[in-house]
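*Asks:* First, the structure itself, so that you have it in front of you.
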Amino acid sequence: MLGLSGCALGGSGDGESESASPSASKGAALESFDPCTFFKPEELTSYGVSTQAEDFTLVSFQPGCAWNGDKMDLALQKNVDETVESLEKGGSYDEYTRIDIAGREGARMIAPGFTDQGGCVTVVPTGGGIVLYQLTAMMRDSVADPCGEIEKIAEQTASRLPA
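Under this note's numbering, the first residue of the sequence shown carries the number 5, and numbering increases by one thereafter.
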């Protein structure tokens, strides 16, 4: 699952910016955001993953990091070109469902062919772009509810994302 999310996304992002100010450039607040230092060490430990971030930049327009664990891997990426809307319109998924994450209109996304495979992505709008929280179970049944688990992590931490 982790390897496919970049393939499902386009770099063009023809959706409208979600920034609070019309004069703000698209994704400006997200530019300086570092996904690799976002999670606190105690959070990572509580999720059962390493506190050591590894580069997880599969495509240049979507940099991020991953943390590995015994039961699952966790990844966080940013994309200044896409929005929740443009991602929905521009891709084909096993599932793309709008959900509320910490008061933000986000989405649950499962890449094509990954239903019941132990992976899920939560898309959260932030800073004029999006952040993607990803969970990939080591075995398809090592995490009972991958979408529920990654949504819980996003819900607990999304308030710290750029406005």
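From the three backbone atoms N, C-alpha and C, an ideal C-beta is built for every residue, glycine too.
The beta strand (DSSP E) spanning residue 147 covers which residue range?
*Replies:* Premise fails: residue 147 is in no beta strand (DSSP E) and is neither H nor E.
*Asks:* Between the Cα of residue 32 and the Cα atoms of 137, 82, 61, 63, which residue gives the shortest distance?
*Replies:* With distances taken between Cα atoms, residue 32 lies closest to 82.
*Asks:* Decide if residue 207 is buried, meaning its Cβ has at least 16 other Cβ atoms within 10 Å, or exposed.
*Replies:* Examination of residue 207 is not possible in this model, given that the chain is present from 5 through 167 alone.
*Asks:* Residue ranges of each beta strand (DSSP E) run of no fewer than 3 residues wholly in the segment 63 to 138, ordered along the chain?
*Replies:* DSSP runs (the beta strand (DSSP E)) wholly in the segment 63 to 138: 68 to 72, 76 to 83, 99 to 105, 108 to 114, 123 to 130.
*Asks:* When you compare each of 155, 154, 54, 85 to residue 64 by their alpha carbons, which one comes out closest?
*Replies:* The shortest C-alpha separation from residue 64 is found at 85.
*Asks:* Residue range of the alpha helix (DSSP H) that residue 50 falls in?
*Replies:* Residue 50 -> alpha helix (DSSP H) spans 45 to 51.
*Asks:* By alpha-carbon positions, which one of 134, 141, 104 ends up nearest to residue 119?
*Replies:* For the residues 134, 141, 104, the minimum Cα distance to residue 119 belongs to 141.
*Asks:* Using C-beta distances below 6 Å, list every residue in its chain close to residue 113, excluding the 5 sequence neighbours before and after it, in chain order.
*Replies:* Correct list, in chain order: 97, 100, 125, 127.
*Asks:* Work out the CA separation of residue 43 and residue 73 for me, nearest whole Å.
*Replies:* Approximately 15 Å between the Cα atoms of the pair.
*Asks:* Hey, would you say residue 105 sits closer than 7 Å to residue 148, going by beta carbons?
*Replies:* Contact: no.
*Asks:* Let me check understanding here. Comparing Cα to Cα, which of 90, 55, 123, 48 lies closest to residue 110?
*Replies:* Of the listed residues, the one whose Cα sits closest to residue 110 is 90.
*Asks:* At the level of alpha carbons, what is the spacing between residue 76 and residue 138?
*Replies:* Going from the Cα of residue 76 to the Cα of residue 138 covers about 10 Å.
*Asks:* Taking DSSP as the reference, what is the three-state secondary structure of residue 158?
*Replies:* DSSP places residue 158 in helix when its eight states are reduced to three.
*Asks:* What are the partner residues of residue 140, as DSSP defines its beta bridges?
*Replies:* The partner list for residue 140 (beta bridge, DSSP) reads 77, 123.
*Asks:* Taking its Cβ as the centre, do 16 or more other Cβ atoms sit within 10 Å of residue 167, making it buried, or is it exposed?
*Replies:* When all chains shown are included, residue 167 counts as exposed.
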